[in-house]
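There are 2 protein chains.
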Amino acid sequence: MRWTIGATLRIAQAMTDARFGLDARVTLPGAFALDGGGELATIDVAYETYGTLAADRGNAVLVCHALTGDQYLASTHPRTGKPGWWARMVGPGKPIDTDRLFVICANVLGSCMGSSGPASIDPASGRPYAMTFPVITIRDMVRAQAALLDHLGIARLSAVVGGSMGGMQALSWAATYPERVRACVVIASAARHSAQNIAFHEVGRQAIMADPDWRGGDYYGGTPPTAGLAVARMAAHITYLSEAGLTAKFGRKLQARDAKTFGFDADFQVESYLRHQGLAFTDRFDANSYLYITRALDYFDLAEEHGGVLANAFLGTATRFCVVGFDTDWLYPTSESRTIVHALNAAGARASFVELRSPFGHDAFLLDSPELDRVMAGFLGAGA
Amino acid sequence: MRWTIGATLRIAQAMTDARFGLDARVTLPGAFALDGGGELATIDVAYETYGTLAADRGNAVLVCHALTGDQYLASTHPRTGKPGWWARMVGPGKPIDTDRLFVICANVLGSCMGSSGPASIDPASGRPYAMTFPVITIRDMVRAQAALLDHLGIARLSAVVGGSMGGMQALSWAATYPERVRACVVIASAARHSAQNIAFHEVGRQAIMADPDWRGGDYYGGTPPTAGLAVARMAAHITYLSEAGLTAKFGRKLQARDAKTFGFDADFQVESYLRHQGLAFTDRFDANSYLYITRALDYFDLAEEHGGVLANAFLGTATRFCVVGFDTDWLYPTSESRTIVHALNAAGARASFVELRSPFGHDAFLLDSPELDRVMAGFLGAGA
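Quick mapping for you: the protein sequence lines, in order, are chains V and G. So in UniProt numbering the end of the first sequence lands on 384, straight run, no missing numbers. So in UniProt numbering the end of the second sequence lands on 384, straight run, no missing numbers.
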């Protein structure tokens with residue numbers, strides 16, 4: 001079974017990663033209550049850390065990952081062998097400087113890299129939860145991270161930082177635990193999912209559920225719904241890139257044979273690229289986790305949790321905020337960042353807003369961006 | 001089998017439609033050569049007409065339909081029972097005025113409403129072509145329409161008009177048969193498919209091909225790949241609507257029960273709407289036709305057919321052009337319309353360009369738009 005192989009690899013890789021951090025998982029006992037009304041008897045939280053926790057425990061930074069991200073922030077991914085997804089941002093002397101800061105990144109609740117999710121064993125049945133796993137929210141993810149910090153003895157974060165869904169968690173952290181967050185960095189994100197965001201996710205979910213191998217989610221131990229998950233990833237991947245970026249990278253360039261085949265092979269480079277993105281994703285991600293996490297994103301509406309007024313989420317906060325958007329991001333456009341900043345201003349919070357130019361759309365936050373590096377280093381350096 | 005039922009309905013409906021026009025199909029004998037190098041032994045072209053052909057045969061207007069459109073331009077669709085897709089535009093006293101003009105709309109080659117396509121019987125085998133149907137181009141569709149006009153004895157069109165893929169056919173008409181086209185109206189269209197356009201289509205094709213019921217295209221007489229086709233339609237449908245339009249129409253509104261279910265039902269109205277769009281589409285469209293027509297669209301690059309210079313497609317033309325774009329169309333943005341107009345200007349062609357405001361994105365050309373009506377009536381009235 002894929003996940004068992006992954007776990008074995010994970011353990012093997014943990015040793016080579018020892019220099020960078022921990023490859024740790026903790027089981028947090030006691031009923032974990034959920035926004036949906038249910039509870040989990042216990043939860044596992046898998047996490048990585050980088051740097052050294054100061055004696056006063058005051059230098060901890062929590063980085064929250066995106067939909068398909070994981071805790072391998074700045075260390076080699078055990079399944080893909082690739083560098084951490086934000087290795088350019090986090091490390092000694094880097095903008096999130098592990099010479100100075102203790103950086104934690106936890107796999108979100110509902111995911112598939114060690115934290116509790118639909119692929120986890122339900123202690124009540126001894127079998128994978130599959131679709132009996134409760135539907136979770138972004139705030140549930142945040143509460144699980146808070147429980148992890150309790151376990152680690154960290155009362156207060158120097159900063160919480162996240163891009164995309166990570167930015168939503170950062171916002172939810174600041175709203176849910178204002179006394180535990182000194183600074184909050186929200187990148188390429190939004191305070192709620194739009195109708196278009198929901199629509200794209202629904203396409204992905206329907207693609208997964210239409211795959212006969214999905215079998216109502218009960219595919220563990222059998223063949224996973226690879227084809228459906230690949231289609232879901234392909235559709236989502238388009239939203240991560242700008243039209244101009246796709247044109248610059250691929251345009252209408254043909255594959256190596258350099259002529260149209262008048263068939264249905266991947267004639268255009270962009271087709272081949274998308275197919276690869278879809279298939280590669282299925283090697284590292286669980287389809288049911290994709291269903292649960294997209295659902296959590298679609299449910300996210302921070303204003304709704306606060307009487308319909310976003311500013312109410314931040315009333316009286318002492319947290320400093322930094323909100324960053326990219327001009328070509330059409331998944332979470334900069335207008336969404338401005339909505340957040342207006343709410344922060346209305347709440348009297350200290351907030352700065354930076355709109356960066358990039359040709360790369362939503363994915364820009366993961367790519368080389370000296371301006372983002374400067375913003376991050378400057379904001380975290382100013383008292384974080 | 002679905003298509004047989006459809007054909008029966010079509011014949012029944014033809015009688016009720018008699019007042020409006022013909023429900024006709026013609027078999028055009030003789031080898032039909034294709035851009036891909038192959039040929040079809042004969043082709044069928046199904047078409048509808050509205051109005052009366054003048055004695056001098058000089059009042060014919062060809063309207064070209066979009067990807068999933070058909071010849072039921074202004075008459076009831078035989079499968080869905082819905083009004084024609086452009087009934088608001090075409091009819092007595094309407095902008096395309098059938099009191100004055102003889103309007104023809106033909107089902108495109110490769111489609112599934114009576115013209116030859118993958119669901120048609122291959123005379124060589126006596127079985128449906130399925131994936132042995134040759135890959136076709138937009139220009140092949142245009143050549144089939146030209147053959148129909150030859151059959152009808154119409155040497156020259158007063159105008160060719162089309163939106164979206166119909167606009168591409170209109171451009172291809174003007175470039176391929178300049179002497180047969182007095183005026184050309186291109187709405188919400190482009191002179192070539194962008195990398196993002198191709199990417200969305202590839203998602204749809206992969207969704208269809210991932211459906212086990214697709215069976216390499218050999219599903220006629222059995223269960224068609226409904227689930228895959230529905231996902232393809234859902235993904236495409238998002239691109240037909242603007243983000244602002246989706247927000248205005250649905251926002252984050254929940255279904256009637258008015259509370260989140262914390263499950264995977266269609267909680268949000270936009271989910272329910274998309275699912276309906278996907279499923280309804282499968283009742284009237286053949287999955288293989290979707291593969292072939294999206295392929296033709298992706299291959300479309302009018303400049304490439306003319307030495308890489310779009311203006312060369314129109315050198316020396318006497319055709320008058322009217323190019324219309326909608327400001328919120330992100331499938332074929334108005335920048336694509338401008339590219340066409342610049343090429344027309346460079347070729348010395350008579351061209352007007354109108355950018356219309358609409359909240360509805362690409363779909364605006366199908367919806368109520370008094371400005372579009374005025375532009376159309378004015379342009380066709382001025383000597384068409």
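Think of the CB as a built atom: it goes at the ideal place given N, C-alpha and C, for glycine as much as any other residue.
Sheet register partners of residue i (DSSP bridge)
i: V161 of chain V; result: V:V63, V:V185
i: A33 of chain G; result: G:E39
i: P128 of chain V; result: V:I121
i: R192 of chain V; result: V:D301
i: G91 of chain V; result: V:D97
i: L28 of chain V; result: V:I43
Beta-carbon neighbours of residue i, restricted to chain V and to distances below 7 Å
i: K260 of chain G; result: Y299
i: V270 of chain G; result: A195, I198, A199
i: E371 of chain G; result: The contacting residues do not exist; E371 of chain G stays about 25 Å from chain V at best.
i: E243 of chain G; result: S194, Q196
i: R57 of chain G; result: By Cβ distance, chain V contributes nothing, its closest Cβ being about 35 Å from R57 of chain G, past 7 Å.
Test item: CB-CB of residue i and residue j under 8 Å
i: A343 of chain V; j: L310 of chain V; result: yes
i: residue 385 of chain V; j: F264 of chain G; result: Past the boundaries of the shown model lies residue 385 of chain V; chain V is included only from 1 to 384, so the question cannot be answered.
i: S337 of chain G; j: F353 of chain G; result: yes
i: L246 of chain V; j: A199 of chain G; result: yes
i: V26 of chain G; j: V45 of chain G; result: yes
i: S125 of chain G; j: F365 of chain G; result: no
i: A174 of chain V; j: T68 of chain V; result: no
i: T137 of chain G; j: D35 of chain G; result: yes
i: D298 of chain V; j: H193 of chain V; result: yes
i: D211 of chain G; j: G222 of chain G; result: no
i: L356 of chain G; j: F326 of chain G; result: yes
i: Y220 of chain G; j: F250 of chain G; result: no
i: A159 of chain V; j: R180 of chain V; result: no
i: A303 of chain G; j: A191 of chain G; result: yes
Opening and closing residue of the alpha helix (DSSP H) in which residue i lies
i: V375 of chain V; result: 370–381
i: V231 of chain G; result: 226–240
i: F281 of chain V; result: 269–282
i: Y219 of chain V; result: First-last for Y219 of chain V: undefined, no H or E at that position.
i: N288 of chain V; result: 287–299
i: N312 of chain G; result: Counting along the chain, N312 of chain G falls outside any alpha helix (DSSP H), and DSSP gives it neither H nor E.
i: Q255 of chain V; result: Segment: none, Q255 of chain V is in no alpha helix (DSSP H) and carries neither H nor E.
i: S337 of chain G; result: 334–346
i: I154 of chain G; result: Looking at the DSSP string, I154 of chain G is not in any alpha helix (DSSP H), and its letter there is neither H nor E.
i: L246 of chain V; result: 243–249
Within chain V, partners of residue i - CB distance below 9 Å
i: T98 of chain G; result: Correct list: empty, because the minimum Cβ distance to chain V is about 37 Å.
i: G251 of chain G; result: S194, A195
Neighbour list for residue i in chain G, Cβ cutoff strictly below 7 Å
i: F281 of chain V; result: Residues of chain G passing the Cβ test: none, with the nearest at roughly 13 Å.
i: L246 of chain V; result: A195, Q196, A199
i: P212 of chain V; result: P212
i: A235 of chain V; result: V203, A235
Continuous beta strand (DSSP E) stretch holding residue i: start and end
i: L356 of chain G; result: 350–356
i: R320 of chain V; result: 320–326
Residue i: contacting residues in chain V (beta-carbon distance under 8 Å)
i: V375 of chain G; result: Those within 8 Å of V375 of chain G in chain V number zero; the least Cβ separation is about 26 Å.
i: G263 of chain G; result: V135
i: residue 387 of chain G; result: Past the boundaries of the shown model lies residue 387 of chain G; chain G is included only from 1 to 384, so the question cannot be answered.
i: L291 of chain G; result: F264
Where residue i meets chain G, residues with beta-carbon distance less than 8 Å
i: I238 of chain V; result: Q196, A199, F200, V203
i: R295 of chain V; result: F264
i: V231 of chain V; result: V203, Q206, A207, A210, V231
Given a limit of 8 Å on CB to CB distance, which residues of the stretch 203–227 of chain G reach chain V?
The stretch 203–227 of chain G vs chain V, Cβ under 8 Å: V203, R205, Q206, A207, M209, A210, D211, P212, A227.
Could you name the residues of the stretch 35–53 of chain V whose beta carbon sits closer than 9 Å to any beta carbon of chain G, in the order they occur along the chain?
Residues passing the 9 Å Cβ filter: D35, G36, G37, G38.
Against chain V: residues of the stretch 303–320 of chain G by CB proximity under 9 Å:
If you check each beta-carbon in the stretch 303–320 of chain G against every beta-carbon of chain V, the ones closer than 9 Å belong to E304.
Interface residues of the stretch 330–341 of chain G facing chain V [CB-CB below 7 Å]:
Flagged: no residues at all.
The stretch 150–180 of chain G: positions lying closer than 7 Å to chain V by Cβ:
The residues in question: there are none.
Between the stretch 76–109 of chain G and chain V, which residues of the former have CB atoms less than 7 Å from a CB of the latter, in chain order?
Of all residues in the stretch 76–109 of chain G, none has a Cβ within less than 7 Å of some Cβ in chain V.
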